[in-house]
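In what follows, a single structure is set out as structure tokens and then discussed.
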Amino acid sequence: MAAQQQVNVTDLERAVLYAFQYAGASLNDAESQKIKEEAELYCLVAKQTSYQLFLQLFEVSSHDEVKFYSLQALQEYLTEGSALHAQLTYNMSLHIRTKLLAWLQVQDSLPSFVKTKLAVVIALLIRRDYPDAWGSAFHDLLALLPRGPFMVEMYFCILNATYEEIVEFDSTRYGAEYASHNMKIKDAMRDGPTSCIAQSFDVIYNVLTAYDQSDGHLLALSLAGLETLQKYIQWVDIALVMRFVPLLYHTLSHFDALRCRAANCLNQVVAKGMQPDKKLALYTSLDLVPVLTALRQSVLHDDDDVCEEIGEVVNTVGLELIMCIDSFRQTNDQDRYQAASAMLASLMPITWFLFAHDSTDVSQEVLEVVNALTGLLRSERPQDVFQPSQYLSPWLHGIYRQMRYPDEADQVDDAEFEDYRRQLRSIYVNLTRMRPDVILQYIATLLQDALQNLRTMDHRDLEACLALVYHFKEGLTGVEFPQQYDDPQGPFMQLVVAIHTAFLAPHLNLPAFHYRTLCMYYEITTRYSTLLRIDSNLLLLLLQRIFGSAGVGHLHPTVRSRSCYLVLRLLKSLGSAVHPHMSQLLQAIEPHLVVPGTDASAAAAKADGLTLEDQLYLFELTGFLIGSMPAADNQLKWQYVEIVLTPQLAQLDRCLRQPPSAEISVHLASVLNAMTHILKGFKSRQTQAIFSTTLSAAASVLLAYRTSDIVRSKVIITLHRLVILLDPAVFLSRADVLAVLMQCCEANDVVEVVQLMNQLIIQYKTVPDFYNVLDRNALPFLQRMVQLILSDQTNATEKATAQKYLYSFLMNVVQHRLTGVLGSPANAASLPQVFQLILDGFSMELHIIRAVSTFCQNLVEHVFKENAHLLADHRDHVRLFLLQDVLPLLFQVVHTKEFNARDAQSLIVLRDVAKLQVAIYGSALREDLMHALRAYFATISMPVQLVDEYCDAVRSENVSNVVSKYAAFVQS
């Protein structure tokens, strides 16, 4: 019906206006949405009717947005690949061109968005008809220029649009045919009777030479001209460009408003692609470095934007010269090598000036060349003309300056700055690796000044200085004699001592330091902790600060958090060196071991200022300290354990006495989490009653909140730790906890429950009591997982995860010789369902095929090779399962969606399939396997020769042979 609708220009204009007016209408406004849809539909019908409607609408409408829309529609007709493009003939495009150029001739101004869109349409007309059907395209446009500045600016817009549509054409977008056509256009623009580049460059040159800072029209024209020049420099003859160079130099030196665009043009000149010898000749003729150096003395101190653009030029020149140096060195072109080296050396002062600039944006512009210089430093030889090592001082100064965090008042993207800082660190580390002693001397000088002015130095400078010390160690990998830098009496470690001495001075108000400075200091103490092993006085002073108001008790949350984390790392790295200070440490930590939740503990935590995540580091530290105490202090150790765990157990008990609530469940989970972090410090079985009490408490929590996700998760983590610590009989006395976890598991905790059960299978596989636990719960657990997989409430990701871990659980049961539970009196009736799960697995993902193959291989070895009594009542069932059900599926795995014969994972699956067949052949089922193989191959009409070869490969019991013959089978 819509296609038959009659369209006229008046209604089309109204429809376009409605489409714009209601473009942002609320989806809830039905009336507005209806008007919008009807307007858009009318416009669509108009497009399907004729281009002339939009050409006429463009001419007659007084609304700029309607003109824009009309041009957009014409653009669609002219764009290759669009649905409307096929409708357009040459006469139609000629009609559009004639009308638009005639209309353009009588204009003297246009809104920017209309002007740009009109330029695009004209560029598309050029792409369609130039040079064959409209050879005079550019001459026609050039003929309009005497009509005034607007026409000149419009011409620049058309050239820019032509560049976007033709010069920067993406051949992958439309194909090779259009790419070839565009190349023909570019060649015609450059050379021949219809060429336009030389005349166009004349126009730009005349505009730039006529520039007057007091004339606003000339400013707009000059900016447009420079933009056009920048676009075309790369693909025109260098001879056309060279006359602009003095003009660009003059512009850089004298015209503030044009400097950035002029620098952009200059960058295109120096980036032009050419061979190294020609590139060096170009740079020599440009005499660029003195010009850039003069700019440093005049304008670069005042304008960050200009500095950025000049930085891009310097970066390009530097990179090109480095490539030239490498090329000339390889070709042994000594004269050019020396000239390029001397030029690069003359570029260094402005490079280091820009690299150390206060603006990070400026510094980043030369980062590439600064980084590339490390390559020259790595290969530096005494006879080289350009010696990068001579510039290590400004190099390091720039890194130091740029490592500083931005001032809080600066609007800087934090993520971008951190990325830049990482790049700077990488350069610094590489320099350290190549010249460690020079770097050490630099940071020693820097640090000496910093420590002398500790109270007055800008915190950004101080933090950056400390960061250089911190990252120094990263550069020591691969250096000769790295142990000299670890020597406590060596020059580097003495710098670290000086830092400690200054920061731990009794009169210093350390909490008043900026939070980043404090954090970096604590990072240093952790990285260079070996020093504290031999200086207990420094260690004690440090611990007093870090557990006081300068660390864990600091006002800034970042300092508190990092202090908790770093003191854990620090004391772990010190090992037994902390034992003499155990009592003081535990006293310092103890006030912070209150998990917030109840009114009293919440108030304490609020006053403490630590988050639970921060506290967990301290709980883990407490466990480590106590757990690492020597055997001689066993009695004291267990007293400490009682002291730290008893309050947590009491919190659990208090919560369990209260009416159940979501808030209490969160608190219970937090307390269990804290206790688990304490338990991390103990690595072997213990007979202490406090641990069995912990198990009972965790069990009580789970039984009270058996369906709470957060409680279940933390109980599982607690059980993971207790499996290691408790005697199996003690742990399994609370098997009811395992039953609840398995029976009540949900899709979101299947992974955690299976991982716990897999740990128990590995740890307790020889424990009779555990066999009984598994016998009672394994099949109900499998059924629960299947139920979750089939449930509509389980999303696709959760289903895939549950499926993966179901097969992981089954595989672990048989791998660890607990196969008997599958056929026990309690579970025998479900054995067919288990076998069906295995059969289903052979058509699933590759990792599941591997799991079920491993399951079957272990089943064969346990039942038919090692233990004639295992599953004695089900041996025939197992035999038929393997030979009649599994065997045919082994030859179907290549048809699964993920299988790819060239993929490593797929090849591993084939090896598993081959291993299974070899395992069956090596068991009591040897002859049965041969009969079953031949019977199966007969059903698929496999050639006799291939059958014999395959059976011989299986008889060889060589897995690689079987895989090879399997591949031949697949190809057949």
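Here UniProt numbering is used: the first residue of the sequence shown is 1, the next is one more, and so on.
All C-beta atoms, glycine included, are put in the ideal place defined by N, C-alpha and C.
Can you look up residue i in the DSSP assignment and give me helix, strand or coil?
| i | result |
| --- | --- |
| proline 149 | helix |
| leucine 74 | helix |
| methionine 1 | With a pLDDT of 34 at methionine 1, under the threshold of 50, the predicted position of this residue should be treated as unreliable, and no value is reported. |
| glutamate 365 | helix |
| histidine 357 | coil |
| serine 923 | coil |
| isoleucine 716 | helix |
| asparagine 371 | helix |
| asparagine 958 | coil |
| cysteine 745 | coil |
| asparagine 430 | helix |
| residue 988 | No information on residue 988 is available, as it lies outside the stretch 1 to 972 that the chain covers here. |
| leucine 871 | coil |
| aspartate 29 | coil |
| proline 591 | helix |
| arginine 902 | coil |
| serine 843 | coil |
| threonine 293 | helix |
| alanine 891 | The sequence shown places phenylalanine at residue 891, rather than the alanine named in the question. Three-state result, phenylalanine 891: coil. |
| glutamate 80 | coil |
| aspartate 287 | coil |
| glutamine 334 | helix |
Taking C-alpha atoms, which residue in the options lies nearest to residue i?
| i | options | result |
| --- | --- | --- |
| methionine 811 | Phe855, Asn827 and Asp775 | Phe855 |
| alanine 498 | Phe513, Val479, Thr794 and Val469 | Val469 |
| isoleucine 197 | Ile589, Thr162 and Gln48 | Thr162 |
| aspartate 769 | Cys745, His181, Lys115 and Val821 | Val821 |
| residue 990 | Val369, Leu831, Arg712 and Val894 | Residue 990 lies beyond the stretch modelled for the chain, which goes from 1 to 972, so this question has no answer here. |
| glutamate 227 | Val207, Thr432 and Gln213 | Val207 |
| serine 359 | Glu308, Leu377 and Met323 | Glu308 |
| tyrosine 565 | Arg329, Gln213, Ile589 and Phe201 | Ile589 |
| leucine 373 | Tyr232, Asn430 and Val786 | Asn430 |
| lysine 799 | Leu218, Val751, Val370 and Arg329 | Val751 |
| valine 878 | Phe835, Val852 and Arg850 | Phe835 |
| arginine 455 | Leu510, Pro436 and Arg433 | Leu510 |
Just curious, the alpha helix (DSSP H) that residue i is in, first and last residue?
| i | result |
| --- | --- |
| lysine 637 | 634–656 |
| asparagine 858 | 846–861 |
| arginine 329 | 304–331 |
| isoleucine 762 | 750–764 |
| arginine 14 | 9–21 |
| phenylalanine 472 | 459–472 |
| glycine 627 | 612–627 |
| valine 91 | The residue you asked about is not valine; residue 91 is asparagine in the sequence shown. Residues 90–105. |
| valine 559 | 557–574 |
| serine 61 | Careful: serine 61 lies outside any alpha helix (DSSP H) and carries neither H nor E. |
Taking 7 Å as the line, does the beta carbon of residue i fall inside it for any heavy atom of the ligand ATP?
| i | result |
| --- | --- |
| threonine 456 | This structure simply doesn't include the ligand ATP, nor any ligand for that matter. |
- Secondary structure, alpha helix (DSSP H): runs of 4+ residues fully inside the UniProt domain "Exportin-1/Importin-beta-like" (111–266): Runs found: 112–129, 137–142, 149–162, 171–174, 176–190, 197–209, 216–232, 238–242 and 244–254.
- Could you give the uninterrupted runs of the alpha helix (DSSP H) lying entirely in the stretch 774–833, keeping only those of 4 residues or more? Taking only runs of at least 4 residues, the alpha helix (DSSP H) segments lying wholly in the stretch 774–833 are 796–815.
- Item | Complete runs of the alpha helix (DSSP H) confined to the stretch 478–555 [at least 4 residues] | DSSP runs (the alpha helix (DSSP H)) wholly in the stretch 478–555: 491–503, 515–527, 530–533 and 536–546.
- Task: Inspect the CB distances between the stretch 919–927 and the stretch 857–864 and report whether three or more fall short of 8 Å.
- Result: Using a C-beta cut-off of 8 Å, the stretch 919–927 makes contact with the stretch 857–864, since at least three inter-stretch Cβ pairs fall below that distance.
- Message: I'd like to know if the stretch 175–184 and the stretch 210–229 are in contact, where contact means that at least 3 CB-CB pairs between them fall below 8 Å.
- Response: No, the stretch 175–184 is not in contact with the stretch 210–229.
- 4 or more residues per run - each alpha helix (DSSP H) lying fully within the stretch 660–742: Listed in chain order, they are 662–679, 689–704, 709–725 and 728–732.
- Task: Could you tell me whether the stretch 606–624 touches the stretch 649–659, using the rule of 3 or more Cβ pairs below 8 Å?
- Result: Flag = no, the stretch 606–624 and the stretch 649–659 do not touch.
- Item | Ranges of the beta strand (DSSP E) found wholly within the stretch 375–451, counting only runs of at least 3 | Counting whole runs of 3 or more residues, the stretch 375–451 contains no beta strand (DSSP E) stretch at all.
- Would you be able to state if there are at least three C-beta pairs under 8 Å between the stretch 382–392 and the stretch 332–347? Under the Cβ criterion (8 Å, minimum of three pairs), the stretch 332–347 counts as touching the stretch 382–392.
- Message: Within 8 Å, do at least three Cβ pairs link the stretch 691–701 to the stretch 640–649?
- Response: Short answer: they touch.
- Is there contact between the stretch 299–306 and the stretch 324–344, where contact requires at least three CB pairs shorter than 8 Å? Contact between the stretch 299–306 and the stretch 324–344 is absent: fewer than 3 CB-CB pairs across the two stretches fall below 8 Å.
- Validate contact between the stretch 68–82 and the stretch 42–52 using beta carbons, cut 8 Å, 3 pairs: Cβ pair count under 8 Å is three or more, so yes.
- Task: Check whether the stretch 510–528 touches the stretch 444–462, counting contact only when three or more Cβ pairs, one atom from each stretch, lie closer than 8 Å.
- Result: Contact between the stretch 510–528 and the stretch 444–462 is present: 3 or more CB-CB pairs across the two stretches fall below 8 Å.
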